[in-house]
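Counting in the numbering used here, the sequence shown runs from 1370 upward without gaps. Read the structure below first, then the notes.
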Amino acid sequence: MKETILIVEDEEEILELVAYNLTREGYTVRTVTTGEDALKEVHRQPPDLMLLDLMLPGVDGLEVCRKVKADSVSRDLPVIMLTAKSEEADIVTGLELGADDYITKPFSRRVLLARVKAVLRRHSDAVPVDENTLVTIHELTINPGRHEVLFNGEAISLTLTEFRVLHFLAGRPGWVFTRSQIVEAVRGDGYPVTDRSVDVQIVGLRKKLGDAGRYIETVRGVGYRFVE
Ligand code: CA
């Protein structure tokens, strides 16, 4: 039995298309067209994933996301936002509120299914990555205990902040993080990391990582992601 997905979308055509594609893939689909109904549905019977349009009449998508993530009952519900390309600021806000990912309209069936699958998988085999977890990905080994990064067995020397940024991103491959989320994650020892200085850290990191630098992707207008 596949997962249950709640689709929140006021545009009938998009709603039908998304519902059709997910149903065909074997998911159980529930649909609502307003933010109010989305919140009711989440409380009535929590789905395994919510696809959430941001531009809704009445209670909008960001407000739905805020409420869902503020409630201990629904906090862990994975949320993928459905957005317009022009809604970059809202995408950033949504990610910071705890949404897992976003899909910009218009999107293909392939992108829709890939994102849904990826987010469900991340949630089902999520191993908590704390600051002491050893991370191995691609040809990289990131060892916080030793403050050591190996690429194809060769040591790469990083500053403490660069190291923390890399460890944070590489420990959660595929996730998009905003600059503020990265700042929040690597903050410590009173080191003044700011949104802007995240960009500087990334530039430095990519340079030092050489060939492995390409694994850190810039997500334009939003933030950064470590390639899965
Ligand atoms: Ca809409």
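Glycine is no exception: its CB is placed at the ideal position from the N, C-alpha and C atoms. In this text, all values refer to a predicted model and were calculated from it rather than measured experimentally.
Range covered by the beta strand (DSSP E) that runs through residue i
i, result
"GLU1394", "From DSSP, GLU1394 is part of no beta strand (DSSP E); its letter is neither H nor E."
"GLY1592", "1592–1595"
"ASP1363", "Residue 1363 is absent from the structure shown; the chain starts at 1370 and stops at 1597."
"ALA1453", "1448–1453"
"VAL1377", "1373–1377"
"VAL1588", "1585–1588"
CB contact flag (residue i, residue j, <9 Å)
i, j, result
"ARG1583", "VAL1596", "yes"
"VAL1442", "ASP1469", "no"
"VAL1461", "VAL1377", "no"
"LEU1464", "TYR1471", "yes"
"THR1397", "LYS1371", "yes"
"VAL1591", "VAL1534", "no"
"VAL1498", "ARG1541", "yes"
"SER1493", "LYS1577", "no"
"LEU1538", "ILE1585", "yes"
"VAL1485", "LEU1391", "yes"
"GLN1570", "GLU1531", "yes"
heavy atom of ligand 1 below 8 Å from residue i C-beta
i, result
"LEU1425", "yes"
"ASP1406", "no"
"GLU1385", "no"
"ASP1599", "For the chain, the structure presents residues 1370 to 1597; residue 1599 sits outside this window and is missing."
"GLU1372", "no"
"GLU1382", "no"
"ASP1349", "What is shown of the chain runs 1370 to 1597, which leaves residue 1349 out entirely."
"ASP1470", "no"
"ASP1459", "no"
"GLU1378", "yes"
Terminal residues of the alpha helix (DSSP H) in which residue i lies
i, result
"THR1462", "1457–1466"
"VAL1480", "1478–1493"
"ASP1406", "1404–1413"
"GLU1431", "Residue identity differs from the one stated: residue 1431 is Leu in this sequence, not Glu. Note, LEU1431: alpha helix (DSSP H), 1430–1439."
Are three or more beta carbon pairs between the stretch 1415–1425 and the stretch 1447–1459 nearer than 8 Å? Flag = yes, the stretch 1415–1425 and the stretch 1447–1459 touch.
Write down every uninterrupted run of the beta strand (DSSP E) in the stretch 1496–1570 whose length is 3 residues or greater and which is fully enclosed by it, in chain order. Taken in chain order, the complete beta strand (DSSP E) segments of 3 residues or longer contained in the stretch 1496–1570 are 1504–1506, 1509–1512, 1517–1520, 1523–1525 and 1545–1547.
Does the stretch 1438–1452 come within contact of the stretch 1402–1420, defined as at least 3 CB pairs closer than 8 Å? Yes, since at least three Cβ pairs between the stretch 1438–1452 and the stretch 1402–1420 fall closer than 8 Å, the two stretches touch.
Any chance the stretch 1499–1515 sits against the stretch 1563–1574, with 3 or more Cβ pairs inside 8 Å? The answer is no - the stretch 1563–1574 does not touch the stretch 1499–1515, with fewer than three Cβ pairs under 8 Å.
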